[in-house]
Amino acid sequence: MVTASIDTTSRDPRPEAVIGPARLAYFTPVHEQPSLADRKAMFILAASGLLLTVLLFFSEPLERLVSGVGRPMNQAIVLLLVCVVAAVLIAARTAYSAYTCPLPPMPPTLAFFRNVAAAESVEAYAAALAQRDHPSALRDMLHYNYSVACLAAEKFRLVNRALSCLRVAIPLWMLLLLILAVWG
Amino acid sequence: MSPTASPSNPPAAGDAAAQLGEPIFPDRLPAPRHLDPATALAFRTPLQEHVLSADGKAAGILTLLGMMFTVLARFGGQLSDLVQARQGPARYLWAAILFSFAAMSLGAVVQAFRTISPRFPKAPPSLAFFGDIARLSREEYVARVEALSAEDALKQMLAYNHTGSRICVEKLRQLRRAILFFEFAALAWFIITAVLGIRVFYYFYAW
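So the protein lines, in turn, are chains R and S.
If you're matching positions, the first sequence starts at 4 in the working numbering and goes up one per residue.
If you're matching positions, the second sequence starts at 3 in the working numbering and goes up one per residue.
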């Protein structure tokens, strides 16, 4: 149980001065953005895995197809295969980088769980919170928001790059399977 | 039920301290005695779940198409027999169905990717949008937000909501097209797999 009393309103002379920024800071919709980017990265990783698994599954028919057709055609199929594999691998690597992207460092703020966990006890945490007035609590939240926004921007930059690769890889992969289905 | 709104009359205009009610909890900012409906709605407008829903459906379409192509490749031998039959008009019909399936699938893939990563509409920068926040330095962001009035903060949120809603509309528009393409592709795929299935079963039974 938190035993320290937290009476921030009695210490804050002008709470109405921060009410606008505080609303924006506490309700800035940045916190779900990294999770959204992570979902997309997970989808890209799963799709890349499936594409490569299916290609490996059809490796023998593909080998027969390549060795069974003439000179320019087999080179075209091999080139298509190389393009698909390269695009899928680049997409997977980029998506993995996005998935494991760390949160940028931020000044000490009690909005961040590591700083909350760094308090020796619940009482120490409550005491640290009790020292905050509205402007300093707002600043804590803003520092946290900024780091999360930078994390989301970096994750989405990588995820969009991975999606560009997958956007090329999937139609080529479909074409390869169609060729295999009709002429394999 | 008893009313939860304050029964008091509104205080005189200009008396800012009187317009702020006592906070319900000691750790909450004092709220205006009469909750501003515009602010309440603007800061709680639910947009994110619609984005997630559209993205999930687009990802589902891509996954299903991947499965369809895998199944067709698995039955490549039989499909090859259908399309490369030596005589009869049926080969042209099967080639047309297969081509329709490929074309519709390609359309569905393109639209699904457009759903997942749509072109962002031109919009005024907002301090509620992560991209605009990340473009600033930490000091600049903190200083800008701290300098906002309540009205300006609301405007930032309104700009975010409006842009976010336009992105949602664009995503759903692309998703509708993706679903349309997918339905035609699925129809063609069902026809092909049904015939392939019957042929496989027939040959197995005859053998």
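For glycine and all other residues, C-beta sits at the position ideal for the given N, C-alpha and C.
At a cut-off of 8 Å between beta carbons, Gly-52(R) makes no contact with chain S. Counted as a single uninterrupted DSSP element, the alpha helix (DSSP H) harbouring Gly-62(S) occupies residues 50–76. Counting along the chain, the unbroken alpha helix (DSSP H) around Lys-158(R) starts and ends at 137–186.
Listed along the chain, the chain R residues whose CB falls inside 9 Å of the CB of Glu-153(S) are Gly-23. Rounded to the nearest whole angstrom, the C-alpha separation of Leu-145(R) and Leu-55(R) is 43 Å. Contact annotation for Tyr-143(S) against chain R: Leu-145 and Tyr-149 [CB-CB distance below 7 Å, chain order]. In this structure, Leu-141(R) lies away from Leu-113(R), with their beta-carbon atoms at least 8 Å apart. At a beta-carbon threshold of 8 Å, the residues of chain R lying near Tyr-162(S) are Pro-32, ordered along the chain. With a minimum length of 4 residues, the unbroken runs of alpha helix (DSSP H) contained wholly in the segment 43–122 of chain R fall at 62–71, 74–102 and 116–121. In the DSSP assignment, Ser-151(S) falls outside any alpha helix (DSSP H) and carries neither an H nor an E. Counting only residues of its own chain and dropping the five nearest sequence neighbours on each side, Arg-146(S) has a CB closer than 8 Å to the CB of Leu-129 and Leu-138. By the Cβ rule, the segment 152–171 of chain R counts as touching the segment 27–40 of chain R, because three or more pairs are nearer than 8 Å.
Within the same chain, Cβ atoms closer than 6 Å to the Cβ of Pro-127(S) are found at Asp-134, the five residues on either side in sequence being excluded. If you look at Val-112(S), you'll find it in the alpha helix (DSSP H) that goes 92–118. Pairing Val-144(S) with Leu-150(S), the inter-Cα distance amounts to about 10 Å.
Rounded to whole angstroms, the gap between the alpha carbons of Thr-31(R) and Met-159(S) is 8 Å.
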